[in-house]
Each structure stands twice: as structure tokens, then as C-alpha cells.
């Protein structure tokens with residue numbers, strides 16, 4: 004991996020995809036010139052079901068750890084944009100950098116980043132700078148402007164860069180909603196003005212490029228339909244959503260108050276985010292609404308709305324525990340209903356299905372009415388994406404924030420948009436690890452580094468590499484077989500062999516033949532090479548022939564003189 008700018012042409016700007024292109028999550032982009040290195044976002048990706056024992060996945064930040072950035076700009080406070088900040092800071096500390104990383108973000112975003120850094124005792128290693136829409140910053144030869152956008156979390160921003168080679172616009176995550184329940188509207192007027200000034204490069208969120216224009220909804224639609232469901236329910240209503248979706252929380256608070264129900268907040272992240280949002284005036288508590296904690300939740304009251312965290316099936320979250328009957332205080336009953344007000348993140352479908360089945364198994368039910376809008380995405384659909392491309396009219400368009408399919412579809416959408424106008428635009432897809440070089444009169448894409456990932460496991464904060472994750476998967480699927488014993492200086496076995504296996508089928512009597520075979524191999528292989536390796540190959544062959552499996556095999560012999 005290189006962090007050197009490999010060009011002799013000047014001026015120029017290099018854009019490096021550290022994460023977030025070709026995948027969902029791990030959003031991280033580096034924009035640098037000869038004087039300045041600006042990072043936009045540092046997010047995590049959540050592990051798939053086969054990422055055994057992995058808590059989080061982060062980008063490989065080596066390119067930033069050796070030459071730290073001038074500043075980190077953060078678009079908003081979702082985990083796929085801020086979750087890896089502690090690990091970026093740890094990497095820089097380990098490389099001997101003692102300066103405080105400057106972080107520029109909105110007040111709500113900074114509050115959530117601060118909370119995350121406090122968990123790792125890293126607050127002293129950063130310097131926070133609160134910015135707002137229309138705020139401007141100067142970093143060397145890069146001038147940055149903050150633009151307000153509407154998203155499913157308050158304080159979301161886009162960034163416009165004035166650079167020596169033209170304007171660059173980074174959309175962040177955004178959508179158009181003229182009736183948001185919390186936060187700002189997307190400032191289309193400012194994007195149009197930037198387009199009139201001339202934009203060299205536009206980097207745009209691709210998340211909802213597959214969503215057509217038939218189901219355009221707003222948070223006001225969601226509020227009305229959630230209120231209808233709560234009003235019609237005969238028993239308790241459990242509502243699950245992303246804990247950071249403050250606008251949706253506002254809708255639920257108003258709906259509970261308007262239907263005369265008490266509200267119960269269940270889940271630590273839900274409590275924390277609501278407290279922060281209220282302190283910063285992004286969330287308002289209706290004066291006629293009684294709010295309880297889960298500890299104070301009455302067992303015999305059906306007139307409750309229970310806001311519960313864990314919409315993506317996280318096994319440590321309250322919703323999963325309730326669905327499996329394992330929550331210490333909340334037990335389901337037949338009159339209870341579950342209202343799902345969140346989208347299913349790809350990869351989480353099985354866990355979410357398990358939650359829904361758990362509710363039905365205990366006699367409760369799911370509110371599943373296709374005529375109602377119970378969730379509205381925070382990402383722009385096809386028509387909105389087309390509109391922003393048309394307003395900005397960039398010379399170069401690069402889709403970001405999506406897997407390869409969505410990046411490709413977004414590129415095609417952009418080309419269709421320009422085909423209906425006089426605007427000529429070049430499109431490029433920037434894969435993870437690739438660099439886009441912008442010069443005064445041309446551009447080029449180069450391979451920058453081989454993209455890798457870091458896997459966070461427990462307190463191993465610096466991450467484990469892909470080799471260890473492969474070993475973990477093999478242990479899970481194939482099992483472990485270990486052999487140990489004592490050999491003398493003539494490679495003769497002294498005493499007993501110790502043979503153990505974990506997760507390996509030992510039926511059909513084959514296991515009883517292993518020890519005699521190992522003894523015979525030891526007796527006939529003295530001084531023929533590495534005894535551990537000889538036995539490892541022998542055991543692997545025996546197990547493959549017996550049951551067709553390839554377990555992890557460990558062989559350890561202790562040598563004594565005799």
C-alpha cells in the first residue's frame with residue numbers, strides 16, 4: 004500500500020476509495036492535494052453470519068496511519084460512517100502520531116462520535132469542531148463548504164470542495180423530503196447554484212438506485228400510518244426502528260401522545276440517542292406524554308407503546324430477547340403486536356425472520372399491512388438521484404455508497420439523465436483501493452493499494468486479518484484434531500499419546516484406528532524429517548479417507564534426552 008502521490012503533473016487532486024465502493028458499509032474516502040489530506044467518514048461494516056466471532060469490520064487504514072490526515076469530515080452519525088473512527092485513531096497512536104485528529108461534523112454527529120470515543124478512552128486524542136450548513140473551512144489549498152441534506156438522522160451534511168482543479172461535491176447520504184419530522188430539508192437550491200458555477204466531480208450515494216418512483220413517501224406519511232396502527236391496536240404495540248432515526252422517534256412520540264398511550268423506552272442505545280437529541284433540540288417530548296423506562300413498565304397495562312432497539316436482529320438487543328422469551332422483565336402476550344419501522348439491511352433477513360417468528364410463537368403478531376407506510380427510506384430514489392445529477396451537472400460522475408450492482412445501475416442512470424439534455428458527462432466507477440487523479444484538463448484512474456479489511460474481535464481492537472478469519476471458519480465447519488506426546492532423542496515415543504478432537508464426527512469406529520496408525524508412523528519415520536509435519540499429513544489423510552473432512556490439525560511433541 005502506498006500513501007505517496009505518484010504524479011509529476013501539477014496541480015492535481017487525488018481521490019482514494021478506502022471503503023464504501025463495491026460494498027455496503029465501511030464508507031471512507033480520502034481527498035488529497037499536494038498540501039492537504041482530507042478524509043470523509045470512517046465507517047464500519049457489520050459481519051455476515053459466516054464471519055464467525057467477528058464483532059465489526061473496518062477498512063484497512065494503513066494509508067492514513069503512516070501519514071495522518073489534515074482533518075476528518077463526517078457527513079452524519081450512522082455506524083457505517085463513524086463506527087471505525089476509534090480504530091483509525093488507535094492505528095495512528097500505534098504509529099507514534101501524538102497530534103489530535105481534527106474532526107468536523109454537526110452537533111448531533113459529534114455527540115455520537117464523542118460517546119463512541121469515550122467507550123475507548125480516546126476523546127483526548129481528537130479535537131472537535133462543530134459545523135453547520137453554510138459553514139466553510141480552509142485546509143491548505145482546499146476550501147470546504149457544508150450543505151444541509153435530509154437523511155434519517157439529524158445533522159446530515161454534504162460537502163462541496165473548491166480545489167485547484169475544480170469543484171468536487173460529495174453528497175453524503177441524502178433524500179428529498181419536504182415534511183421531515185426532524186432535521187433539515189435537502190438544500191436543492193445550493194446544489195443548483197453549485198451546478199451553475201461548474202462542478203468538476205460529483206460523488207453520489209447509490210443506496211436506493213434500484214427504488215423506482217412509484218413509492219415516494221415522506222416522514223409525514225409514516226407518522227400518519229403509525230398513528231393509525233397504534234390507534235387500532237387492542238393491546239401493547241412494540242415499535243422497532245434504528246435508534247438513530249430521531250425523526251421516526253418523533254413520529255412515535257406524537258402518535259403515542261395523540262392516542263392516549265404511555266410510552267416505554269427499551270434499550271440502552273435508544274435511551275442515549277433520545278437524550279442527546281432532546282438536549283440538542285432535535286427531539287421534542289409532547290407535554291401530555293408519560294414516558295417510562297423498561298424497569299418501570301407495568302405488567303398489566305395494555306395501553307402502552309414500547310419503543311425497542313434491535314431492528315436488525317442483533318442477539319444482544321432487547322427486541323431479540325423479547326422475541327425469544329428471554330427478556331428478564333418483558334413477556335409477550337396474545338394481544339401484543341410488533342410494528343417494524345425499519346428496512347432490512349441485506350444479510351440480516353434470517354435474524355429478522357427469527358424475531359418475527361418468535362413473536363408469533365408466543366401468540367403475538369406482526370402489523371403487516373401493505374396499504375400502510377411504516378417506513379420511509381433516508382436515501383434518494385431514482386427520480387431524486389436523477390434530479391440531483393441534473394442540478395449539479397458535473398463533468399465527471401462517480402457513484403459511491405453501494406455494492407457493485409448499485410454502482411453500475413447508478414452509472415447507467417446518470418448516463419440516461421445526460422442523454423435527455425445537452426450536458427456531456429463522463430462517468431467512472433471507483434473500486435475499493437483505486438485512486439482517481441484529477442488534473443486541470445484530464446483525469447485518470449490508477450490502482451492505489453490492495454484493499455483489505457480488519458476484523459474486530461472482542462478487545463482485539465486493532466483487528467485480525469483475513470488469515471485468522473479463514474482459520475476460524477475452518478474450525479467451525481471442519482473441527483479441530485490435536486495430537487501431542489513425548490519423544491526421546493531417537494524420535495521414539497515415550498509414554499502415551501494424547502489425542503483430542505472438537506467438532507468431528509467419530510462414529511463408525513474409525514477414530515479407534517487413529518492412535519495405532521500414529522504409533523506405527525512414528526516408529527517407521529524416525530529421523531526422516533519433521534516428525535510433527537509427518538504426523539500432521541498422516542492424520543489429515545486418515546481423516547479425509549474416513550469421513551471426507553479437513554479439520555485443523557495440531558501436532559506437538561516434547562523432546563527429552565534419554
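Residue numbers (my numbering): 4 to 565. Yeah, the Cβ is synthetic: ideal placement off N, Cα and C, and Gly gets one too.
*Return yes when the Cβ of residue 32 is within less than 8 Å of the Cβ of residue 89, no when it is not.*
Taking 8 Å as the Cβ cut-off, residue 89 and residue 32 do not qualify as a contacting pair.
**Asked** Within 10 angstroms of its Cβ, does residue 562 collect 16 or more other Cβ (buried), or is it exposed?
**Response** Classification for residue 562: exposed.
Report task. Could you name the residues that DSSP lists as bridge partners for residue 406? Result -> In DSSP, residue 406 forms a bridge with 25.
Out of 501, 21, 483, which one is the CA nearest neighbour of residue 555? Of the candidates 501, 21, 483, the one whose C-alpha sits nearest the C-alpha of residue 555 is 483.
Discussion item. Helix, strand or coil for residue 269? Go by DSSP, reduced to three states.
Written reply: Look at residue 269 here: in three-state DSSP terms it is strand.
Rounded distance between the beta-carbons of residue 286 and residue 277, thought under 8 Å | With 8 Å as the limit, residue 277 and residue 286 qualify as a contact, their Cβ atoms being about 6 Å apart.
Handout entry: Other residues of its chain near residue 547: CB distance less than 6 Å, five sequence neighbours each side excluded
Key = Spatial neighbours of residue 547 in its own chain (CB-CB distance under 6 Å, excluding positions within 5 residues in sequence) are not present.
**OP:** Could you spell out the range, first to last residue, of the beta strand (DSSP E) harbouring residue 149?
**Re:** Membership of residue 149 in the beta strand (DSSP E) is indicated by the continuous run 145-151.
For residue 505, count the other beta carbons within 10 Å of its own beta carbon; 16 or more makes it buried, fewer makes it exposed. Which is it? An exposed status is given to residue 505, since fewer than 16 other beta-carbon atoms sit within 10 Å of its beta-carbon.
First and last residue of the alpha helix (DSSP H) that includes residue 229?
Where residue 229 is concerned, the enclosing alpha helix (DSSP H) stretches over 222-235.
On the DSSP bridge assignment, give the partners of residue 428 in chain order.
-> Its beta-bridge partners do not exist; DSSP assigns none.
- Message: Let's test the definition: count the other Cβ atoms within 10 Å of the Cβ of residue 30 and tell me whether it reaches 16, buried, or not, exposed.
- Response: Counting Cβ neighbours within 10 Å, residue 30 comes out buried, since at least 16 surround it.
- Those residues which DSSP pairs with residue 79 across a bridge: DSSP lists no partner for residue 79.
Where does residue 5 sit, in a helix, a strand or coil, going by DSSP? Confidence in residue 5 is poor, its pLDDT being 49 and thus under 50, which makes the residue's placement too unreliable to answer from.
Collapsed DSSP secondary structure at residue 12 in the structure displayed:
In this structure, DSSP gives residue 12 a state outside helix and strand, which the three-state scheme calls coil.
* Asked: Can you give the beta carbon distance from residue 249 to residue 157, rounded, assuming they're within the 8 Å contact cut?
  -> Contact between residue 249 and residue 157 holds: their C-beta atoms lie close to 5 Å from each other, under 8 Å.
*asked:* Tell me which residue opens and which closes the alpha helix (DSSP H) that residue 142 is part of.
replied: Unbroken run through residue 142 is the beta strand (DSSP E), 139-142; no alpha helix (DSSP H).
Round the Cβ separation of residue 289 and residue 260 to the nearest angstrom and send it over; I've been treating them as touching at under 8 Å. Residue 289 to residue 260, Cβ: 4 Å. Contact.
Open item on the list: Threshold first: 3 residues or longer. Then list the beta strand (DSSP E) segments lying entirely within the segment 305-350, N to C.
Closed with: Entirely contained in the segment 305-350, the beta strand (DSSP E) runs reaching 3 residues are, in chain order, 307-311, 340-343.
| So what does DSSP say about residue 370, is it helix, strand or coil? | In the displayed model, residue 370 falls within coil according to three-state DSSP, outside both helix and strand.
Since residue 61 sits in a beta bridge, which residues does DSSP pair it with? DSSP lists 457 as the bridge partner or partners of residue 61.
For residue 570 versus residue 127, is the C-beta spacing smaller than 8 Å? In the structure as shown, the chain begins at 4 and stops at 565. Residue 570 is therefore absent and cannot be evaluated.
Item checked: For residue 97, the three-state DSSP class (helix, strand or coil) -> Judged by DSSP in its simplified three-state form, residue 97 adopts helix.
If contacts are defined as beta-carbon pairs under 8 Å, then residue 255 and residue 229 qualify, I think. What distance do you get, rounded to the angstrom? So it is a contact: roughly 6 Å between Cβ atoms.
Residue interval of the alpha helix (DSSP H) (run including residue 353) = Residue range 352-364 is occupied by the alpha helix (DSSP H) that includes residue 353.
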